[in-house]
Amino acid sequence: MRAVYLVLAFCLQQGVEGYTLDQETQLHANLTTEYDRKIRPYQNQTEPIQISMDFYMEKLSEFSEKENKISVVGSLSIEWKDFRLTWDPTDYDGDLNQTSLFVSDIWAPNLFLLNPYEKQTPILSDGTACTIQSNGYVTCLLADNFETTCSADISNYPFDTQICTLKFYVQGSFASNTLLQNASSTIRLDLYEIHGLWYLTGTRNYVQTYRIRGMSCEVLQLELKMKRRNSYCVYNILLPIFFINLIQLFVFFLPLESGKRVGFSMKVLLSVVVFFTIIQSKLPEFSKPSLSSLTFKLLADFLTSIFIVLFVVVISFIYHNNNHERIPSFIREYIEKTKEKNGNEKELNITWKDVAKLLNRWVSRLIFVCLYFNFSFYMIFNQVTSVNEVEISK
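Here is the structure:
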């Protein structure tokens, strides 16, 4: 209790400072009287005004590869100093250290999004309220859904990484009269909500200078580096493709005497066509900068399935060939050497059935090698070209 009494006594001794509505009204009148919002707030008009900018990202609203569009919800902080908006707080009972004015009442940079998805509109509208400190620093915090263009590169889908950039510039000004500054080197993620399909692996906040007709123009660039969460694609696309590739090989293990080899290979081909048609509907529809490597793999698997059917038909035809056409000598010699190595010297009567068995054995190995390298090359290509990055935390 003694501590509570001491705190109360201290508060009573210090008193409570405050300001009235009339005082703030008077302050607004004093600041805006004879204020020309068309003139840059710098005493020496030959020197550039410095504008500090920062971005607080809240969530990734949308990223559409098909439309080349990204939507980011966040707050853009803009700060500059206006020497005309200064006052002495002691003139207003000492506690009026800051106030708020609308953009329509003060000078504000004519800020635009350089790469909007649709049309360009001013970032700071006349109805935007800005906080003004007694030392003349003006801070505007604009919360909005920023939609901009972003060219997607799906070469490594579904292991792809995308880099999108929001570009801001002050229209009608150059580096000679306006300097942009990044308040931090990265985007602020204090309020960021994790996205279900993409995760951030890095952000950058920097100023880029461009030369336009011999004059320098500064652009603030907010860069987002995103990596796709690929668990869904792995379990629903890649693993089924792997098992279908295995099923394709089983046709060569069926006995040559069986009349179901052609039917089995045709059914597998139809299942491949149906499954790949479903997958194609889920793949992003893009041709530039390049097609997805998964598209080429699906095409290779489809062609392999066709060749399997053709080989099975040819092998079955040879096996059931009852004519007495002479077997080429190099094939006969190879089969004889194979039988001798296996200890079958007594069975050197070479027939077309032996040729079919030999062809079946070599074709099965060839198809296995093709499927193996096709799948391995796809996985290695995507693992090498996609960096193993970790999701950044707040």
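Take the sequence shown: its letters are residues -18 to -1, 1 to 376, numbered as in mature numbering (1 follows the signal peptide of the UniProt record, and there is no 0). Virtual Cβ for every residue (Gly too), placed ideally from N, Cα, C.
Proximity of residue i and residue j at Cβ, strictly below 8 Å
| i | j | result |
| --- | --- | --- |
| I60 | C122 | yes |
| I297 | L341 | yes |
| V189 | K149 | no |
| F258 | F284 | yes |
| T130 | Y99 | yes |
| K279 | N356 | yes |
| S155 | N187 | no |
| Q163 | I31 | no |
| V256 | Q230 | no |
| V152 | P71 | no |
| A157 | S198 | yes |
| N364 | S263 | no |
| F246 | L238 | no |
| Q115 | Q80 | yes |
| residue 410 | I261 | Because the chain here runs from -18 to 376, residue 410 falls outside it and cannot be looked at. |
| I290 | I349 | yes |
| R211 | D142 | no |
| F84 | G118 | no |
| M39 | L171 | yes |
Closest residue to residue i among the options (Cα-Cα distance)
| i | options | result |
| --- | --- | --- |
| V254 | P310, I33 and A282 | A282 |
| I52 | T14, S274 and F128 | F128 |
| T183 | I223, I169, W344 and P30 | I169 |
| F293 | Y354, L252 and F234 | F234 |
| V295 | V345, D172 and E47 | V345 |
| E307 | D4, K335, Q25 and I288 | K335 |
| M208 | Q27, T14 and S46 | S46 |
| S287 | L236, N212 and F232 | F232 |
| Q5 | E205, D73, F84 and Y38 | D73 |
| S137 | P266, R211, D75 and L95 | P266 |
| A11 | M248, W69 and F225 | W69 |
| Y316 | T333, I300, H302 and N303 | T333 |
| F299 | Y24, I290 and A338 | A338 |
| N50 | F65, Y214, T28 and Q144 | Q144 |
Coarse secondary structure for residue i, derived from DSSP in three states
| i | result |
| --- | --- |
| F278 | helix |
| K149 | strand |
| T14 | helix |
| T121 | strand |
| D70 | coil |
| P222 | helix |
| F(-9) | Residue confidence is low: F(-9) scores 36 on pLDDT, short of 50, so the model does not pin down where it sits. Its coordinate-derived value is still stated next. Note: F(-9) maps to helix in three-state DSSP. |
| G154 | coil |
| T110 | coil |
| L238 | coil |
| C215 | helix |
| Y192 | strand |
| N187 | strand |
| N127 | strand |
| R210 | strand |
| N50 | coil |
| S272 | coil |
| T2 | coil |
| Y316 | helix |
| S59 | strand |
| G(-4) | Bear in mind that a pLDDT of 41 at G(-4), under 50, signals an unreliable position, so the number given afterwards is only what the model happens to contain. In the structure shown, G(-4) sits in coil (DSSP, three-state: anything other than H, G, I, E or B). |
| A(-16) | Residue placement at A(-16) is flagged as unreliable, the pLDDT there being 41, under the threshold of 50; a coordinate-derived value is accordingly withheld. |
| N304 | coil |
| Y38 | strand |
Exposure label - residue i; buried when at least 16 CB within 10 Å
| i | result |
| --- | --- |
| V216 | exposed |
| G241 | exposed |
| C(-8) | The predicted position of C(-8) is uncertain, since its pLDDT is 41 and thus under 50; a value taken from the coordinates is nonetheless stated next. With fewer than 16 Cβ atoms within 10 Å of its Cβ, C(-8) is classed as exposed. |
| P179 | The sequence shown places Leu at residue 179, rather than the Pro named in the question. Exposed is the call here. |
| P140 | buried |
| T103 | exposed |
| G56 | buried |
| T185 | buried |
| T160 | buried |
| A(-16) | Legend: pLDDT at A(-16) = 41, less than 50; position of this residue unreliable, no value from coordinates given. |
| I105 | buried |
| Y301 | buried |
| R243 | buried |
| L252 | exposed |
| Y360 | buried |
Integer-rounded CB distance, given that residue j should sit under 8 Å from residue i
| i | j | result |
| --- | --- | --- |
| T113 | S82 | 6 Å |
| R22 | W89 | 7 Å |
| Y1 | L78 | 4 Å |
| K41 | Y174 | 7 Å |
| L67 | M35 | At roughly 19 Å, the Cβ-Cβ gap does not stay under 8 Å, so L67 and M35 are not in contact. |
| L204 | F94 | Contact doesn't hold; Cβ gap of about 14 Å is too wide. |
Residue i beta carbon near the ligand COA (any heavy atom closer than 7 Å)
| i | result |
| --- | --- |
| Q203 | Looking at this structure, you won't find the ligand COA or any other ligand, since it has none at all. |
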